[in-house]
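Read through the structure below, which is laid out as structure tokens, and then see the notes.
Structure (structure tokens):
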């Protein structure tokens, strides 16, 4: 079991490292684009910000990989995986907020005209969707706190195609990692949305920006809904002994993927916009 | 020790006037962006006012929250996006009142000073 945790943590660290090296040595040298690099709306506004954000993300990714390797010498439990996931989320959140903080200063310093020749549209983010996502998360946390004491000390948390458990965890480890990853994901998406809010949108990045906001707003609702489904599935198996048929899991996952794809492509073919003119 | 006190007093006095200076520059040159506000502030004051960039942006955001100025993102020649500020009606009214206050402060100080160090 320890080897599996190590494998997952190393895999996340390796993704951080590879993505980081690509950001430092390739993406930071490119013009702002929608296919390679740390692609947030603020970074599209200036070459200087794009290069700085990509270099910084690369450095942080590389440092995080090193920290994961060092930590793995001392910790070989689920907490190493939790660290790897949370630290990656934290890097994304921190870079997004940092980009929002420097954007006005850096664009002000750029060489160029002093008077506006064109008003730029800005990106709007739905506060009600963020609120809805957090309400569902709070409901999920309430369910966890009520149902936690009924769970056995060792939980079956993963099942094979026939519904037989094939992976077990201690209850406290499961609850702690489950809550921290849920909250980490919610905080990451919320902070990225915060960093995007009211950002100006250049014409060539308008469709991408709309698509990004559309997906993130959806993810903010899907994360707690999916986690609630997962928690209820595990609760039902471990407490009353009811196993959800695998076909339902497959349908849920396929439905989520379909909705995400639809939301991603919607801004490219619909005129309905999240960009304020 | 004396210089330390003067330094602190200078900072306290000037930071109060930065807000007035920003409102004046936005009124006179707006729509205008933060970096140029700072540059004009330094140039027009002959270096007496030299706030840091972060001070300027913090004050602009405070003024915006209080609806004294409003902002929008614009594209300038050269394709650079910048955040521009302009005075609102509320800001305009407030500026008139603040300038009256500033004048009365200087008059009061002048009366108190008399011929001292004249």
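Protein chains in written order, with the working numbering: chain A, 1179 to 1455; chain B, 662 to 779.
Heads up, the beta-carbon is just placed ideally off N, CA and C, and yes, glycines get one too.
On a predicted model such as this, the values are computed, not experimentally measured, just so you know.
Between the alpha carbons of residue 1341(A) and residue 1349(A) lies a distance of about 20 Å.
Residue 1336(A) is bridged by DSSP to 1345(A). DSSP links residue 744(B) through a beta bridge to 734(B).
For residue 1206(A), the CB contacts under 6 Å within the same chain, skipping 5 residues up- and downstream, are 1229, 1232 and 1233 in chain order.
With a contact defined as Cβ atoms closer than 8 Å, residue 683(B) and residue 720(B) qualify at about 6 Å. Between residue 1421(A) and residue 1343(A), the alpha-carbon positions lie close to 10 Å from each other. Between the beta-carbon of residue 728(B) and that of residue 754(B) there is about 11 Å, and that puts the pair past the 8 Å contact cut. Nearest C-alpha to residue 1392(A) among 1375(A), 1380(A), 1402(A) and 1407(A): 1375(A).
Chain-order list of chain B residues neighbouring residue 1378(A): 734 and 742, by C-beta distance under 7 Å. Residue pairing from DSSP places residue 693(B) in a beta bridge opposite 746(B). Residue contact with chain A for residue 739(B): present (Cβ-Cβ distance below 8 Å to some residue of chain A).
Your pair residue 1274(A) and residue 1370(A) checks out as a contact, with CB atoms roughly 5 Å apart and the cut at 8 Å. Proximity of chain A to residue 745(B) at the Cβ level (cut-off 8 Å) is accounted for by 1294, in chain order. In the three-state reduction of the DSSP assignment, residue 667(B) falls in the helix class. Taking 7 Å as the Cβ-Cβ cut-off, the region 1281 to 1305 of chain A approaches chain B at 1282, 1283, 1285, 1286, 1287, 1288, 1289, 1290, 1291, 1292, 1293, 1294, 1295, 1296, 1297, 1298 and 1300, given in chain order. In the structure shown, residue 1196(A) adopts helical secondary structure according to DSSP, grouped into three states. Among the residues facing chain A, residue 695(B) is included, as its CB has a counterpart in that chain under 8 Å away. By the CB criterion at 8 Å, residue 1379(A) and residue 1218(A) fall outside the cutoff.
For chain A, the residues of the region 671 to 705 of chain B that bring a beta carbon within less than 7 Å of one of its beta carbons are 692, 694, 695, 696 and 697, in chain order. At a cut-off of 8 Å between beta carbons, residue 1403(A) makes no contact with chain B. Listed along chain A are 1283, 1286 and 1287, each with a C-beta nearer than 9 Å to that of residue 714(B).
Near chain B, meaning a CB-to-CB distance below 7 Å, the residues of the region 1211 to 1223 of chain A are 1223.
In the three-state reduction of the DSSP assignment, residue 1294(A) falls in the strand class.
Contact between residue 1263(A) and residue 1308(A) does not hold, since the beta-carbon distance rounds to 21 Å and is not under 8 Å.
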